[in-house]
Structure formats: C-alpha cells, structure tokens
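**Student:** For reference, the structure I am asking about is given below.
In our numbering, the protein residues as written are 2 to 209.
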C-alpha cells in the first residue's frame, strides 16, 4: 500500500473502541494471562481504560488512518500532563470487577500495574504504541513515533520517555535506531513468570 493512503491525526472519542481493539490485538500475549478464559471481556475493559486515560490521564492519542477505508492501522498514546491517579484507578477497578469478578480483578490489577511510571513535567511519555498486524512492516510505528515527538515538542517538552519489555527486540531496535537510550529498568519475577517479561526498560530521547 502507498504511504499516501494513510494520514496521521488526533483521535476523538469515537475512536476509543477501535484503539482498544488495536491494543488488545497487538498485545495478545500480555492480555491472555490477565483475562484467561474471559478474553471476550478484554475489549470492554480496554475501551474503558482508553477512555479514562483521555479524560483523566493526561493522555492524547494519535492514530494512523487509511483514508480510503477509514480503518485505523495504528495508534499511540502520548502523556503530556499529570494524571488524576485516583480517578483512573477507581474507574479501572470498576471496569475490571464488573467484567471479571473480584478475584480475577485483583489478579488483573497486579499484572497490569507494570511497568510503573511517574509523570515528569519536562517529559512526555509514549505508551501503547501498536500497529495492526495487517499493516506492519510499512513504517507505521516509525511514523507514529515521529508524530508523538512532534506533539511533545509542541507541548514544550524537553524529552520523551517510554517503556519496552526487554524481550521485545524488534521494538527495542526501532527505538534505539530513533535515538532512544536506556536510562533505567524495572525487574519483576512476578511478570517474568506470568507474562514472560522480567525486565522493563525505560528509554529516553532528548528532543531537539
């Protein structure tokens, strides 16, 4: 497909369901251990999560759209403002307990708490960068990352940070090729066992 078929734009509320579907599809290896036999509920929970991030999490989403079909090919969230953590936690907890029940909600909350991030006023944070399998290897991730960095510059941020799992080598190579450097890492034996992810690398890039 030609690059001219696609456009990068800011997401609106009507895009939340499609963004949620992209995230679930793109991170199935992480969602399956969390939701187990209730994977059918994962989309509802993720849609609520995306909506909460937009409303109370300081996150703006960007999407790549195929203008000929209006299909979303990729999406990324960019955090440029402090989040209302209590509102986010309460809203996500309600969504989890409503869809999974109390016991499974506790389990899901524990797994989904990694990696941990604290907002810094001079830094933008890139999260849930995901490309639909049907549109991979076409430069979508690189294009979205550049758009996220431009948005961060417009928000007067000095740096951009992101987390990547230590075993996600394709993503790690992409970020390093774009100038991101590891500055710290989180280790978790819990997620190593259940999500096959022991190390969460924090990468940072200084904006020009």
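Glycine included, C-beta positions come from ideal geometry on N, C-alpha and C. Being a predicted model, the structure only gives us computed values, none of them experimental.
For the alpha helix (DSSP H) that contains residue 89, what are its first and last residues?
**Tutor:** Its alpha helix (DSSP H) spans residues 86-101.
**Student:** Do you know whose CA, among 203, 207, 170, lies nearest residue 159's CA?
**Tutor:** Per the Cα distances, 207.
**Student:** Who are the near neighbours of residue 75 in its chain, counting only those whose CB is closer than 6 Å to its CB and skipping five residues on each side?
**Tutor:** Cβ neighbours of residue 75 beyond the five flanking positions: 65, 132, 141, 145.
**Student:** Give the single residue among 42, 97, 78 whose Cα lies nearest to the Cα of residue 153.
**Tutor:** Residue 153 has its Cα closest to that of 78, out of 42, 97, 78.
**Student:** So residue 94 and residue 104 are supposed to be a Cβ contact under 8 Å. How far apart are they, rounded?
**Tutor:** Contact doesn't hold; Cβ gap of about 13 Å is too wide.
**Student:** May I ask you to report which of helix, strand or coil DSSP gives residue 139?
**Tutor:** Looking at residue 139 - three-state DSSP - the assignment turns out to be coil, as it is neither helix nor strand.
**Student:** Does DSSP put residue 169 in a helix, in a strand, or in coil?
**Tutor:** Of the three classes helix, strand and coil, the one that applies to residue 169 here is coil, per DSSP.
**Student:** Which residues share a DSSP beta bridge with residue 111?
**Tutor:** Bridge partners of residue 111: none, in fact.
**Student:** What does residue 207 pair with, by DSSP beta-bridge criteria?
**Tutor:** 160, per the DSSP bridge assignment.
**Student:** For residue 27, which three-state DSSP category applies?
**Tutor:** Here residue 27 sits in helix by DSSP.
**Student:** Just to confirm the assignment, what range does the beta strand (DSSP E) spanning residue 212 have?
**Tutor:** Outside the modelled stretch of the chain, which goes from 2 to 209, sits residue 212, for which no answer is possible.
**Student:** Which runs of the alpha helix (DSSP H) at least 4 residues long sit entirely within the segment 39-69? Give them in chain order.
**Tutor:** Whole alpha helix (DSSP H) segments, 4+ residues: 43-57.
**Student:** Using 10 angstroms around the beta-carbon of residue 197, count the other beta-carbons present and answer buried if the total reaches 16, otherwise exposed.
**Tutor:** With fewer than 16 other Cβ atoms within 10 Å, it is exposed.
**Student:** Pairs of beta-carbons, one from the segment 21-37 and one from the segment 167-176, closer than 8 Å: are there three or more?
**Tutor:** No contact exists between the segment 21-37 and the segment 167-176.
**Student:** Taking the straight line between their C-alpha atoms, what separation do you get for residue 115 and residue 202?
**Tutor:** Distance between the alpha carbons of residue 115 and residue 202 is about 11 Å.
**Student:** Pull up the DSSP beta-bridge partners for residue 131, would you.
**Tutor:** Beta-bridge pairing links residue 131 to 76.
**Student:** Excluding sequence positions up to five away, which residues of its chain have a Cβ less than 6 Å from the Cβ of residue 48?
**Tutor:** The residues are 17, 18, 21.
**Student:** Starting from residue 199, trace the beta strand (DSSP E) both ways and give me its first and last residue.
**Tutor:** Looking at the DSSP string, residue 199 is not in any beta strand (DSSP E), and its letter there is neither H nor E.
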